[in-house]
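Asker: The structure follows.
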Amino acid sequence: MMLVFIGPPGAGKGTQARRLTERFAIPQVATGDMLRARKDAGTLPADLAETMSAGGLLPDEAVVRLIADRIGEPDCARGFILDGFPRTRGQATALEGMLKGLKMALDRVIFLQVPDSLIVERIVNRRVCVSTGEVFHLMYSPAPPGREVRQRDDDTEVKIRRRLQEYGNTFEALREYYGSLVREVDGTGSIDEVSTRISQALEA
Ligand code: AMP
Numbered sequence: 119m120m121l122v123f124i125g126p127p128g129a130g131k132g133t134q135a136r137r138l139t140e141r142f143a144i145p146q147v148a149t150g151d152m153l154r155a156r157k158d159a160g161t162l163p164a165d166l167a168e169t170m171s172a173g174g175l176l177p178d179e180a181v182v183r184l185i186a187d188r189i190g191e192p193d194c195a196r197g198f199i200l201d202g203f204p205r206t207r208g209q210a211t212a213l214e215g216m217l218k219g220l221k222m223a224l225d226r227v228i229f230l231q232v233p234d235s236l237i238v239e240r241i242v243n244r245r246v247c248v249s250t251g252e253v254f255h256l257m258y259s260p261a262p263p264g265r266e267v268r269q270r271d272d273d274t275e276v277k278i279r280r281r282l283q284e285y286g287n288t289f290e291a292l293r294e295y296y297g298s299l300v301r302e303v304d305g306t307g308s309i310d311e312v313s314t315r316i317s318q319a320l321e322a
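When you number the sequence shown by our numbering, it's gap-free, plus one each residue, and the end is 322.
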């Protein structure tokens with residue numbers, strides 16, 4: 119199963135992708151997580167780290183290279199779930215070229231839809247476990263006692279607005295690009311409700 123998750127920040131792409139990794143036994147490939155790991159390790163060039171912190175998009179070539187290396191690894195041979203990539207038409211074209219080279223093709227492109235008002239509420243309350251990367255919500259799914267959590271530096275209201283704007287600038291082009299592969303899924307409601315809708319979308 120080769121899947122792509124597209125949606126605004128805080129739409130639940132990561133949470134839902136993680137669930138599917140267990141169901142299909144294929145890895146989740148999240149450019150945001152890969153870039154944050156490099157940023158935390160100090161191996162991301164300073165200008166790229168700054169753009170990330172400000173909520174801007176990195177240049178296509180920087181993320182395309184990351185993905186090209188990652189999806190060529192053996193654990194991706196049976197499939198993978200892309201989360202946060204592609205985000206531009208240029209990235210989508212690059213991905214198509216890579217997949218052709220690997221004799222692979224996408225099965226579905228899931229667009230998770232959540233209104234902006236809900237996104238802001240979700241993101242300012244989002245906290246990430248420092249050791250496992252699990253995502254919690256301060257009110258709806260707080261971290262168990264004893265867990266060290268932190269807020270992403272781009273999860274502030276001002277930066278969310280920029281990230282939503284970046285998403286708004288590019289998602290139509292992606293929807294057009296992927297045409298009949300696209301399934302639009304309502305991302306509001308509980309995690310279980312959204313999972314059920316995604317399962318239905320994968321069969322449709
Ligand atoms: P995310 O965790 O998906 O919200 O990504 C966090 C940040 O990483 C984004 O705001 C961008 O700065 C950067 N990033 C992640 N994926 C991409 C991508 N496909 N293209 C450009 N920038 C990206």
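Heads up, the beta-carbon is just placed ideally off N, CA and C, and yes, glycines get one too. Since the structure is predicted, the reported quantities are computational estimates derived from the model, not experimental observations.
(1) If you follow the alpha helix (DSSP H) that V238 is part of, which residue opens it and which one closes it?
(2) So, using beta-carbon positions, are G173 and L220 closer together than 8 Å?
(3) Label D272 either buried or exposed according to how many other C-beta atoms from any shown protein chain fall within 10 Å of its C-beta, with 16 as the threshold for buried.
(4) DSSP puts F203 in a beta bridge; with which residues?
(5) Using only alpha-carbon positions, find the residue among E311, Y285, C194 that is nearest to M222.
(6) Thinking C-alpha only, which one of F229, V267, A212 is nearest S298?
(7) Quick test of your reading: I124 and F289, contact by CB under 8 Å. State the CB separation rounded to the nearest angstrom.
(8) Touching or not, the segment 276-296 and the segment 164-183, by the rule of three or more beta carbon pairs under 8 Å?
Answerer: Concretely, from the data shown:
(1) For V238, the enclosing alpha helix (DSSP H) covers residues 234-242.
(2) No. Outside cutoff.
(3) Label assigned to D272: buried.
(4) According to DSSP, F203 bridges with nothing at all.
(5) Of the candidates E311, Y285, C194, the one whose C-alpha sits nearest the C-alpha of M222 is C194.
(6) The shortest Cα separation from S298 among F229, V267, A212 belongs to F229.
(7) About 6 Å separates the CB atoms of I124 and F289; that is less than 8 Å, so the two are in contact.
(8) Yes, the segment 276-296 is in contact with the segment 164-183.
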